DNA sequence: GGAGAAACATACACGCATGCATGTATGTAA
DNA sequence: TTACATACATGCATGCGTGTATGTTTCTCC
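Right under this line is the structure:
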């Protein structure tokens, strides 16, 4: 081992360790939440000791906040960025929802939902950080909805902020619930989002073959959706 | 106190204590989840000692399972029962969603979501109990969707079981997210559910006044939706 | 090669929460 | 009234996990 490994700089070692710890912590946070996030376990799964974890992060809370920021940056790069590139508000909202559904096909997407639900009834820095992220997202979506209604592309309905809250809640729930169930995750996401915005269903072009497939699909197969 | 209190039977005392403990546990579960459910705290909030809690429930897990059963029974009585009374599948699905939104105006509605998310990545009896409940619900909804499609009342779309999973996820998310935001919680719930089923938006009859209200509502008011 | 800092690993201290043992109060039947 | 069972309350034992202290390894610069 001392022969095969090249000589790494301290900066390289630090970044490598940090990355491994962040990924291990994210996995545990997504499956077990913050209260069950045991740092000894995180360290072992990252391939280091708990001392190494404490060398990099002051405490458990700071580790969790680092994971939250990491997930947010990943989401922005893959989802937010694409939606922001759209000119039309409806296109932006639909693109965001579709990209989010794709984002949810990865395990790490579950981190924010898990932590958000966990801290919903508690006053805690991690919960506050997530609430701030989602407040910003809600504001962005509310602006898009308002713009879409002003242009006539979106029919009138409940106040933009309430509609945006429902939109993001749906995006989150459907994305996680149907994660990995391609291609249904994308279709059902699109349907739900159109519905909450008050938009009519998209014309049925390729749905007929899918409908026929539904009739031919054994009920037993359908029953495996949840686990 | 010894003069004002009538002589209660042991059965009465037991039921009274049990009720108080269940309610206190439900409140804590909905805000802090299972991992942070501290029995000393539950006991204090119920007005009894931890010994009394252990007298009634073998351990923490059994208490949580009792709360889950209690919430399920309440949901069945107020939501499931009303939906089952509908003859038409679409009416059943819409009634269920509407009743669920009303159910979510109470704090206890949050228990199942909190626990479900908490145990999603763990193999635990409480998580299994909740998964079983939701599996049954998904099955019922899938049957309704299949019946609605067979009768032509619901357009074709992704497999009934996938659609049902999205339906219940939406019902859960929107219900909790907009809890207490009357009357928007009901309207947005209806919209989202119609959308995921592939049904067109309901004709705008009373939406115009609401739309005008939206324009007149200060943006600051909208920003208070989340907290 | 040696000194020093950073990257880790291991050990220590302590609080917290669970489950269980033991004690006290209250209802019931003879 | 007494004996017994049940409904609680209080005390004991123990393991778990966090944060911190201490020890070891590796890199960097002179």
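Chains as they are written, first to last, in this note's numbering: chain A, 1229 to 1455; chain B, 1229 to 1455.
Yeah, the Cβ is synthetic: ideal placement off N, Cα and C, and Gly gets one too.
Bear in mind that the values here come from a model prediction, so they are computed numbers and not experimental data.
Applying the 10 Å Cβ sphere with the 16-neighbour rule, what's the burial state of residue i?
i	result
residue 1272(B)	exposed
residue 1354(A)	buried
residue 1411(B)	exposed
residue 1351(A)	exposed
residue 1402(B)	buried
residue 1301(B)	exposed
What is the rounded straight-line gap between the Cα of residue i and the Cα of residue j?
i	j	result
residue 1237(B)	residue 1279(B)	20 Å
residue 1376(B)	residue 1382(B)	5 Å
residue 1216(A)	residue 1426(B)	With chain A represented from 1229 up to 1455, any question about residue 1216(A) goes unanswered, as that position is not in the structure.
residue 1283(A)	residue 1374(B)	56 Å
residue 1361(A)	residue 1315(B)	43 Å
residue 1392(A)	residue 1379(A)	17 Å
residue 1248(A)	residue 1285(A)	13 Å
residue 1318(B)	residue 1420(B)	14 Å
residue 1313(A)	residue 1303(B)	43 Å
residue 1306(B)	residue 1270(B)	26 Å
residue 1239(A)	residue 1413(A)	41 Å
residue 1428(B)	residue 1422(A)	10 Å
residue 1297(B)	residue 1294(A)	37 Å
residue 1260(A)	residue 1394(A)	26 Å
residue 1367(B)	residue 1388(B)	9 Å
residue 1405(A)	residue 1329(A)	10 Å
residue 1342(B)	residue 1341(A)	10 Å
residue 1359(B)	residue 1308(B)	17 Å
residue 1252(B)	residue 1357(B)	20 Å
residue 1274(A)	residue 1250(A)	8 Å
residue 1299(A)	residue 1333(A)	14 Å
residue 1430(B)	residue 1430(A)	15 Å
residue 1281(B)	residue 1344(B)	24 Å
Please work out which residues of its chain come closer than 7 Å, Cβ to Cβ, to residue i, disregarding the five sequence neighbours upstream and downstream, and give them in chain order.
i	result
residue 1335(B)	1255, 1258
residue 1288(A)	1265, 1267
residue 1372(A)	1317, 1320, 1321
residue 1370(A)	1388, 1389, 1392
Have a look at the options and flag the residue whose alpha-carbon is nearest the alpha-carbon of residue i.
i	options	result
residue 1263(B)	1346(B), 1366(B), 1239(B), 1327(B)	1346(B)
residue 1365(B)	1351(B), 1403(B), 1414(B), 1397(B)	1397(B)
residue 1415(A)	1384(B), 1276(B), 1287(B)	1384(B)
residue 1408(B)	1372(B), 1338(B), 1359(B)	1338(B)
residue 1363(A)	1390(A), 1406(A), 1253(A), 1349(A)	1390(A)
residue 1276(B)	1241(B), 1292(B), 1290(B)	1241(B)
residue 1331(A)	1418(A), 1430(A), 1400(A)	1400(A)
Taking 8 Å as the limit between beta carbons, can you name the residues of its chain near residue i, skipping five residues before and five after?
i	result
residue 1311(A)	1320, 1321, 1323, 1324, 1327
residue 1244(A)	1236
residue 1456(B)	It is not possible to answer for residue 1456(B), since the shown part of chain B is limited to 1229 through 1455.
For residue i, which residues from the same chain have a beta carbon less than 6 Å from its beta carbon, with the 5 sequence-adjacent residues on both sides left out?
i	result
residue 1246(A)	1284
residue 1291(B)	1253, 1285
residue 1418(A)	none
residue 1386(B)	none
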